[in-house]
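Engineer: Using my numbering, the first residue of the sequence shown is number 1, and each one after it goes up by one. Idealized CB from N, CA, C, for every residue including glycine. Small disclaimer: the values here were computed from a predicted structure and weren't measured. Before I ask anything, let me first share the structure, which is written out below as structure tokens.
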Amino acid sequence: MLALLLLALPCFAARAAPPSSPIVITYAEQAARIARDTSLYRAGRGVALREDDLLESGSGALQFDAGGASFALGPASRIFIDKGGEIVLLEGWLKLRGLPARPLAAATAHLRLASSGSTVILHAGAAASELFAEAGEVVVHETGTGKRRPGASVPHEHFAVRAGILPLRLAERAPPDFLAAMPRGFRDELVPLALNGPATQPRRERGARFAELAPWVNGHPLLRQRLQARFEPPPSPRPARPAPALPSTIQ
1 MLALLLLALP CFAARAAPPS SPIVITYAEQ AARIARDTSL YRAGRGVALR EDDLLESGSG
61 ALQFDAGGAS FALGPASRIF IDKGGEIVLL EGWLKLRGLP ARPLAAATAH LRLASSGSTV
121 ILHAGAAASE LFAEAGEVVV HETGTGKRRP GASVPHEHFA VRAGILPLRL AERAPPDFLA
181 AMPRGFRDEL VPLALNGPAT QPRRERGARF AELAPWVNGH PLLRQRLQAR FEPPPSPRPA
241 RPAPALPSTI Q
């Protein structure tokens, strides 16, 4: 049995995802707002994101580099950087272009996907999540179903939507209302942007409160619990009381 396990290890390693690369802002129409730990920051070009960061774009668009892969965030959009660099789109618009050597994983409250050599436009709303496979094919997995289901393939230039707990629906083209609401910059090809110069640090504005950040993670109960734990850490366990001494039986 041990020999079989040792033989399987190289195969598992070959299929493992590549290590996560830093996610860095390479373009910002205006400074974004980051909720990091229990503080709020302003961040622009050259700032690297961390795991557990919440980011809000405000009224401007942003573009990011992640080890050669790229993604853009539309105005009035919010993301959460999860474990392994997964981009959780909480609200708004996301366009991602992954590479075979550097896939980009993304999720919403309704679905999860990985862009590997494809370009995908993703929109997350309170009631539904929509995506358009602009270039290449992408496999989409439904989340929150309580059942393990195989992923659905969304072909090149096809559209998919999942509303609530309903199954994923595919269409041969994106509907007019999706195209009309899409940020104008998302109509152009997502071209990687080089970052010249040293990295910069975000500027701290003030302390944050759980009550003001909780609406950012509506529809994501597990993220809400993790966010609440930042501000309300669980109490330390009480020290164990020493056991009472037993009465002596020696006469």
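Can the beta-carbon of Y27 be found less than 8 Å from the beta-carbon of E205?
Structural biologist: Cβ atoms of Y27 and E205: not closer than 8 Å.
Engineer: Can you tell me whether DSSP reads L170 as helix, strand or coil?
Structural biologist: Here L170 sits in strand by DSSP.
Engineer: Can you say whether A16 is buried or exposed, counting buried as having 16 or more other CB atoms within 10 angstroms of its CB?
Structural biologist: Only weak support exists for where A16 lies, its pLDDT of 34 falling under 50; the value from the coordinates is given anyway. A16 is exposed by the Cβ-count criterion.
Engineer: Helix, strand or coil: how does DSSP classify R209 here?
Structural biologist: DSSP places R209 in coil when its eight states are reduced to three.
Engineer: Buried or exposed: where does T38 fall if 16 or more other Cβ atoms within 10 Å of its Cβ makes it buried?
Structural biologist: Looking at its Cβ environment, which holds fewer than 16 other Cβ atoms inside 10 Å, T38 is exposed.
Engineer: I'd like the ranges of any alpha helix (DSSP H) spanning at least 4 consecutive residues and lying wholly in the region 143-203.
Structural biologist: As far as the region 143-203 is concerned, its whole alpha helix (DSSP H) runs of at least 4 residues are 176-181.
Engineer: Among S129, I34, A72, which residue has its Cα nearest to the Cα of G144?
Structural biologist: The candidate whose alpha carbon is nearest that of G144 is S129.
Engineer: Tell me the DSSP secondary structure of G85 in three-state form.
Structural biologist: Residue state, collapsed to three classes: helix.
Engineer: Only counting the same chain, and skipping five residues up and downstream in sequence, which positions put a Cβ closer than 8 Å to that of E137?
Structural biologist: If we look at E137 and ignore the five residues flanking it on each side, its Cβ neighbours are S118, S153, V154, P155, H156.
Engineer: Return the first residue and the last residue of the beta strand (DSSP E) that Q228 is part of.
Structural biologist: Here Q228 belongs to no beta strand (DSSP E); instead the alpha helix (DSSP H) covers 221-231.
Engineer: Please report the straight-line C-alpha distance between I306 and L113, rounded to a whole angstrom.
Structural biologist: An answer regarding residue 306 cannot be provided, because it is not within the stretch 1 to 251 covered by the chain.
Engineer: Could you spell out the range, first to last residue, of the beta strand (DSSP E) harbouring A35?
Structural biologist: From DSSP, the beta strand (DSSP E) with A35 extends over 32-36.
Engineer: In three-state terms, what does DSSP make of A107?
Structural biologist: Reduced to three states, the DSSP call for A107 is strand.
Engineer: What does DSSP give as the partner residues of L99 in its beta bridges?
Structural biologist: Per DSSP, R102.
Engineer: Only counting the same chain, and skipping five residues up and downstream in sequence, which positions put a Cβ closer than 6 Å to that of D65?
Structural biologist: These residues qualify, in order along the chain: V24, T26.
Engineer: May I have the straight-line CA-CA distance separating A180 from G207, to the nearest angstrom?
Structural biologist: Going from the Cα of A180 to the Cα of G207 covers about 38 Å.
Engineer: Taking V161 as the reference, which of L90, P183, L122, R230 has the closest Cα?
Structural biologist: Ranking L90, P183, L122, R230 by Cα distance to V161 puts L122 first.
Engineer: Out of N218, R148, L195, G60, which one is the CA nearest neighbour of G185?
Structural biologist: It is G60.
Engineer: Would you list the residues sitting across from S70 in a DSSP beta bridge?
Structural biologist: DSSP, once it has assigned bridges, lists D65, R97 as partnering S70.
Engineer: Which residue's Cα is closest to the Cα of A124: E51, S116, A109?
Structural biologist: Nearest option by C-alpha distance: A109.
Engineer: Using alpha carbons as the reference points, say which of P183, D82, A127, F159 lies closest to L94.
Structural biologist: If we check each option's Cα against that of L94, P183 comes out closest.
Engineer: Taking A124 as part of the beta strand (DSSP E), name the residues at either end of that continuous run.
Structural biologist: Run containing A124: 119-124, per the beta strand (DSSP E) assignment.
Engineer: Considering only C-alpha positions, which residue in the set W216, F210, L193 is nearest to G92?
Structural biologist: Nearest option by C-alpha distance: W216.
Engineer: Using DSSP bridges, identify the partner residues of G92.
Structural biologist: A124.
Engineer: The beta strand (DSSP E) that contains A43, what's its start and end?
Structural biologist: Here the beta strand (DSSP E) through A43 covers 39-43.
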